[in-house]
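Chains as they are written, first to last, in UniProt numbering: chain A, 1 to 326; chain B, 1 to 326; chain C, 1 to 326; chain D, 1 to 326; chain E, 1 to 326; chain F, 1 to 326.
For each residue, glycine too, the CB sits at the ideal point set by N, CA and C.
What follows is a short report on a single structure.
Protein chains: 6
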Amino acid sequence: MLDLPKFKAAAVQASPVFLDVDATVDKAISIIAEAAGNGASLIAFPEVFVAGYPYWNWIMTPVQGSKWYEKLYVNSITVPGPETDKICQAAKEHDCHVVIGVNERGQSFGELYNTNLIIDNKGMLVGKHRKLVPTWAEKLTWTGGDGSSLKVYNTEIGPIGTLACGENTNTLARFTLLTQGELIHIANYISLPVAPPDYDMAEAIKIRAAAHSFEGKLFTIVSCSTITKEIIDIMKEDVPNAEELLTRKNSAFSGVIGPNGAVIGEPLIDEEGIVYADIDLSKCIQPKQMHDILGHYNRFDIFDLRVNTAPRKNITFTDGDESGQK
Amino acid sequence: MLDLPKFKAAAVQASPVFLDVDATVDKAISIIAEAAGNGASLIAFPEVFVAGYPYWNWIMTPVQGSKWYEKLYVNSITVPGPETDKICQAAKEHDCHVVIGVNERGQSFGELYNTNLIIDNKGMLVGKHRKLVPTWAEKLTWTGGDGSSLKVYNTEIGPIGTLACGENTNTLARFTLLTQGELIHIANYISLPVAPPDYDMAEAIKIRAAAHSFEGKLFTIVSCSTITKEIIDIMKEDVPNAEELLTRKNSAFSGVIGPNGAVIGEPLIDEEGIVYADIDLSKCIQPKQMHDILGHYNRFDIFDLRVNTAPRKNITFTDGDESGQK
Amino acid sequence: MLDLPKFKAAAVQASPVFLDVDATVDKAISIIAEAAGNGASLIAFPEVFVAGYPYWNWIMTPVQGSKWYEKLYVNSITVPGPETDKICQAAKEHDCHVVIGVNERGQSFGELYNTNLIIDNKGMLVGKHRKLVPTWAEKLTWTGGDGSSLKVYNTEIGPIGTLACGENTNTLARFTLLTQGELIHIANYISLPVAPPDYDMAEAIKIRAAAHSFEGKLFTIVSCSTITKEIIDIMKEDVPNAEELLTRKNSAFSGVIGPNGAVIGEPLIDEEGIVYADIDLSKCIQPKQMHDILGHYNRFDIFDLRVNTAPRKNITFTDGDESGQK
Amino acid sequence: MLDLPKFKAAAVQASPVFLDVDATVDKAISIIAEAAGNGASLIAFPEVFVAGYPYWNWIMTPVQGSKWYEKLYVNSITVPGPETDKICQAAKEHDCHVVIGVNERGQSFGELYNTNLIIDNKGMLVGKHRKLVPTWAEKLTWTGGDGSSLKVYNTEIGPIGTLACGENTNTLARFTLLTQGELIHIANYISLPVAPPDYDMAEAIKIRAAAHSFEGKLFTIVSCSTITKEIIDIMKEDVPNAEELLTRKNSAFSGVIGPNGAVIGEPLIDEEGIVYADIDLSKCIQPKQMHDILGHYNRFDIFDLRVNTAPRKNITFTDGDESGQK
Amino acid sequence: MLDLPKFKAAAVQASPVFLDVDATVDKAISIIAEAAGNGASLIAFPEVFVAGYPYWNWIMTPVQGSKWYEKLYVNSITVPGPETDKICQAAKEHDCHVVIGVNERGQSFGELYNTNLIIDNKGMLVGKHRKLVPTWAEKLTWTGGDGSSLKVYNTEIGPIGTLACGENTNTLARFTLLTQGELIHIANYISLPVAPPDYDMAEAIKIRAAAHSFEGKLFTIVSCSTITKEIIDIMKEDVPNAEELLTRKNSAFSGVIGPNGAVIGEPLIDEEGIVYADIDLSKCIQPKQMHDILGHYNRFDIFDLRVNTAPRKNITFTDGDESGQK
Amino acid sequence: MLDLPKFKAAAVQASPVFLDVDATVDKAISIIAEAAGNGASLIAFPEVFVAGYPYWNWIMTPVQGSKWYEKLYVNSITVPGPETDKICQAAKEHDCHVVIGVNERGQSFGELYNTNLIIDNKGMLVGKHRKLVPTWAEKLTWTGGDGSSLKVYNTEIGPIGTLACGENTNTLARFTLLTQGELIHIANYISLPVAPPDYDMAEAIKIRAAAHSFEGKLFTIVSCSTITKEIIDIMKEDVPNAEELLTRKNSAFSGVIGPNGAVIGEPLIDEEGIVYADIDLSKCIQPKQMHDILGHYNRFDIFDLRVNTAPRKNITFTDGDESGQK
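Here it is as structure tokens:
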């Protein structure tokens, strides 16, 4: 008889130690200890938690922001690397799964990725996902990832997938995860007080999480960062009214959404903290009777989605024989 | 200079004259007159408004429901036909666009479709969409449509698309409309007091409308039916506790959702009535800067969706010449 | 509201005036008068009623049968022709539909077809069907028809299709009729006392009629010929033990089968007579909920049947311009 | 000189241990031992014998049935898996072929298939067939299979094909098996006391088996389940009058039909038991002279059936090179 | 009841009045009178009876033959014209059908055709056939006809077709006549003592007539010319050893062949005279049971013969609009 | 310089060991040894030599003949298979080409073909031809082949084609071989004492061979079977007067016909034996000057014959991708 996992999930709403990679890793490890201590088997961290979000893109001109790019670059990490080793070690020690956002360096100095890491409770870095398209002002900092990282990972607690921030708007990216049997979706974000005035960030996060949970009949864990006084102070160096710009309400939302699209328990709005929720994957069965867009409620005789999972290649070296490319 | 349409939309929340095709068409025409009188240029009617939803599938056994199927069948319509002619005439007379759900007969007696008609303000039946997959108990009544009706129609007031009820859960169907430039989406539903207890129909409608509007940066008009005492009385013939089963609260939602996913004005919950909203399509421009999943915010080097729009053929008669099939 | 036809059908079980085309046409007309007088709106006659079945193929050697072929040939008819004119006139006078089997001459003297005529109540010869493949010994007499005659004809009393004898075994021929909306199927046969001993003709007729009715949820009218003493006496000329060979029991079955595959009323076995049955096409609706192999119960994404309806051409005369062949 | 197999077949009429997958597998193994002990080389089990049929769909509302769906889901199996291993082992030990119906889990929680397994006497799971379209109320539980499983398997005892229940109504599915040289057809069913009153299940089973055997000139083995007091008691939890609803006579039929469409020996109606029959495949030769719809009695110049055997794909992951899709 | 014609046919073996058109027409008329007087309803004359065969092509060099071409040209006729009027008149007076070969002038002086005329018993010139390809040395004189004259003509005595001499070797030309229902084939020839030594002209005529009759199950009337002393004397003008060259035995054959390929009665070899035979078209029926290459014994799903019947056009005047050629 | 083959051909007139496939193959091999020993490079065997002709179709009723069909079926062969391997081996050992008729089994039990095998002197089975249409009574036994086997095979001794029995009547089938450059035509037959009285089998064979040789200017090798006392005795089991029916004179003809249509040497009539003839293909050149119906003596601007060589398909399995059907 089939027996599906039950576990406690933790959605972390917190800020990194801004642009300080080592301190931020330490902070992450300490949050892991806390949440695991409270029984969490899955701990979701915000987008680019290590080591901060390039707010300058939204409140400075590109040229002003240029030196900040360098600061971010040198505080970014390689994957794997010493920083990921530490986090993996913590996951193993505390027997919990961790999904966490990082700034990942590529090969070229202009190649910085907004990456989510998926780490299992054995401390194994089982996968990573590079955000496909940075959102609006983020294009000034990050390079888009490729289709090779649109994966769902089977773990002891169930199949886990993740998308960063605006990607949760992308119908096709979401469907690509759903179709791999995703039951636990981590959508992580950053607090975005700088969005246009009629853009209610907390609401926009909720709409997308509810939609993904409802369409896929699964659990979505939303983890969002916060903005600390420290961040504002740092930005003030170049933007005198940074405080005004970075303190809008309803800019962050963390919480857990169930298979019917409803929030489980209380979400956190703007405040730092950890939201816990009990997840029972067997709750994903009954709603599938209504709509199973991966099964009886879709029409794969009509819809044929093809996803190119080839890693990006900058160049291909061949021996001149087309049929035998390497 | 591009000048995008502005107009008033009406979302009708009403019940048909149950299983009486002629009386229901008359009622539809009278609602058209009223809404157009109030300035509406687009009037959205509920799913299968003509002439009713097969509630028996949810509250009777299939065998009990069998005779009701026949009643529905003989009160279904062909498209086009005398009933659609009447509705088209009303649209023309009142110079308004109408989207309305009907029970459409196919060629075989088991072939009944849940169809939405799109009629323009010249009284032209510009298109129809047959629901792709009936939802759960509805499978006992309807046959699924094919990909040929997943179309967006250009009209004087803008490009209109429509999906019926549960189809709004289907990521790929929604994307297929978005990609054709849809700016006005009609999502129509039926009041569903018979869903499972943890399924809040009004909320489930709203989640999907918000998601579609937010992902596509467009306007969604939601029209949902209501359940009258008459319907309950008719069902009581076979189901003594029909009243108890068919009167749950929060079972119907009609209203208009804007490009940011937020409800415009006040929606109607459960009550019969008409929701009006002013639509200004130029509001769809600015949000596209953030996420345009049909443009800069998607990755068509990764995602390749192919949609089979071939009409379903039960058989193909040929003249024996492969190259010249008919 | 859809209103489907109700009418009385007559299944004729009778023998022709053997190899006498004029006398047989007279007999057919007199049966039409009788059945129409009893209220029948549809009268089904046996296979090749005009003017007899080539029993010699089963009880003589081919060479012995050769002279009988010539007798049959000169007693065959062209379609249309004076004989069909007479039958059409009778159908018109008695306001009834007639399906009747004839031996039809083609252009070449070796081209004799086993043809069913479909005549409406206005006396119009609306169609004909030439048996596709003659059964076993019949191959000595008849040429197979082509796909152009696999048609269902819409009439006042509903859509009518017909197959002759063994064709009712052909899954694909049957489906080709079903898919055109057939609701009234005429399966006509000849009494076949000469089949192999373990072949129970009456039962074999019933199996096929039940299958077609059940699969298509329609009415099948079975009309079968009988063998008279006259036929036996004529065959005795060349086959002394003709009586013994041609009098096996259970060799003929006529009757009406309903949409559930069950015989309506009492069928006729072996005896000459007319079986009447009241047909109500609305009975074809409810069973379609269970299995509608033309609609929700088939998979046209899997099955793609193509039927070549081109008339057989021995030669094509062209004007030398490929694009405008005649 | 060609020498065709002769063997004994067993058609099992029995009920599973309702919704208890392990106990049902044990029961299946014990029946295999018994039937093989009586000389059977082929043992046919009912549709979804492992571990029961969703009767709730016929006697409860969909919402009431929802929790039963979950019970069925967790008592369904993967193929292959530990349960199929056990059955294969039994087939090998007893040197017999087994065809048995199971509830098979797909990847998504809404994806449950009505699957028939074909196991040979070496204990090899040679194939499986997923029912293409669930029948009426069954649509509430099962997803339809694809064309990849419409196969006939060559075994020591001859070529075996199978269709589940209502599929035997599908002309085109049947023909697809016939055309692969099927000589032994297993049609399995469930006892269906809940069909509409004018639907005589035992008769409806017989009509279809007779038609398939007659059209294909082959042997059909029909195996049907029974309804035990245990099942009724379980259903009584939610449906007080379950006993009345589930005890109609003539709801189950098991037996063997020969190439002429006649039942061989005595079939079992409603009662639990095993029907044995001696099968001699050389009996399939002589009747082919009369009608061979795969050979001389068909017209493949007219009929061109194309069957899509591609497995259903929810999505296709490519390496970006169209010519080398994976 | 079908009643097929019976009649007497006459195959004329005679020589023209060499290169004297008027005298030859008179001779033809006198033969018509004689044969009709003996009861013939169909009288077949040799190839180019009017007014002689260009033997010079076989026994002179082309340049020597040149003046003879001119003699032939001026003794050729137009069709219709005064000469054909006379022959038609004779056919009418004697109530008989006539097929006769003539040298027909075309529009250009180099355009001379080897033409057979078909005249009915009302004196109507119902058709003509121009030899498609002249044989070997004949190419020095005649132009080939086009496909417009490959016709079979229905007459009171049955459907008549004709081919001249070597055309009876052309499988496709023969088949083109057969397929139009030809039952009476006129194959006319000229006495050919000048063929290569191992070419037995009488035998070669018989082989082809037997083949056409056997394949088509029809009657072939062979009419062949003779060589008179007059012809030899005329040729001697330029070819001293003309007598030696033009008197080989077995160079002419006239007679009638029946549907089984056998000669009816006695043919004429070399000698001038008339062969009479009684034709009963009903004899064409029974042999069709064996092989009917226009019906059951052919495979028009395999063979598709297209025949261009467009009259030869030397030039086409257009208005420059391709789609509207005249 | 072109050097055309010269060789000795052997036309075998013999009977099989009736309905005993193994003994007949042995007899064939022994005849190969004998003929090759006498210098033959090409040995032609009768139609369906392996293992006999279904005479019962001509002298019994179809039902009486039914059991004999089964005997023939089990004594038929697959191609290739162990029996063809043996014959190929003999051809290789004796360095000669063999054309031999066999009863070939298809996939369905009603699918028996009248097949000629073409084997070269390396023991390679280079091709087979399935008779397109069985003749008259033969339709009770054989299924017609398709156009894929209308081929001429280039061999060391020249281009070889073959047609079985009545096919040599088919103008279009013959032309299809001619047009591929056929120079050596094998026409094989069975002794047919059972034809209608006015059908002289030996003469009918000769007419067709002469016609084909004359039209195509090629060599025809005719091989015909004989009827032994053994065959008569076996048929006597069911037909007391079998001896009378099966002993008519002039029922078999074997021999060789040259390019002018004349028999070379002495043919064999009725008696068992081998006819030898010296073939010199250069004899096919000169007669082409007179009539070359594949070249200057035809009019391909008028005649356009299209031959469908597609193998017959009962069904087509596709992967759903029209462009890549299998």
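Can you tell me whether residue i is helix, strand or coil according to DSSP?
i                      : result
B/TYR53                : coil
A/LEU172               : helix
residue 348 of chain E : Outside the shown range of chain E (1 to 326) lies residue 348 of chain E, about which nothing can therefore be said.
D/GLU215               : helix
D/ALA210               : helix
C/ASP304               : strand
A/GLU111               : coil
C/CYS224               : strand
B/GLU104               : strand
C/GLY258               : coil
Identify every residue that forms a DSSP beta bridge with residue i.
i        : result
D/TYR153 : D/ILE160
B/ARG248 : Paired residues: none, contrary to the question.
Along the chain, where does the alpha helix (DSSP H) containing residue i start, and where does it finish?
i        : result
D/LEU245 : 242–245
B/GLU230 : 229–236
Quick test of your reading: residue i and residue j, contact by CB under 8 Å. State the CB separation rounded to the nearest angstrom.
i        : j        : result
F/VAL307 : F/GLY147 : 6 Å
D/VAL17  : D/ALA11  : Wrong, their Cβ atoms sit about 20 Å apart, outside the cutoff.
A/LEU132 : A/GLU104 : Contact flag wrong, Cβ pair sits at about 14 Å.
F/THR309 : F/LEU150 : 7 Å
D/GLY287 : D/LYS217 : Checking the displayed sequence, the identity of residue 287 of chain D turns out to be Pro instead of Gly. Rounded, the Cβ-Cβ distance is 4 Å, consistent with contact.
How far does the beta strand (DSSP E) with residue i in it extend, from its first residue to its last?
i        : result
F/HIS296 : Segment: none, F/HIS296 is in no beta strand (DSSP E) and carries neither H nor E.
E/GLU266 : 263–269
E/ILE315 : Here E/ILE315 belongs to no beta strand (DSSP E), and DSSP marks it neither H nor E.
E/HIS291 : Element bounds for E/HIS291: n/a, residue is neither H nor E.
A/ASP280 : 273–280
C/THR143 : C/THR143 -> no beta strand (DSSP E), and no H or E assigned at all.
B/VAL18  : In the sequence under discussion, the amino acid at residue 18 of chain B is Phe, which differs from the Val named in the question. B/PHE18 -> no beta strand (DSSP E), and no H or E assigned at all.
A/GLN13  : 6–13
Could you give the uninterrupted runs of the alpha helix (DSSP H) lying entirely in the stretch 38–90 of chain D, keeping only those of 4 residues or more?
Annotation: the stretch 38–90 of chain D contains the following complete segments of the alpha helix (DSSP H) (minimum length 4 residues), in chain order: 56–59 and 62–74.
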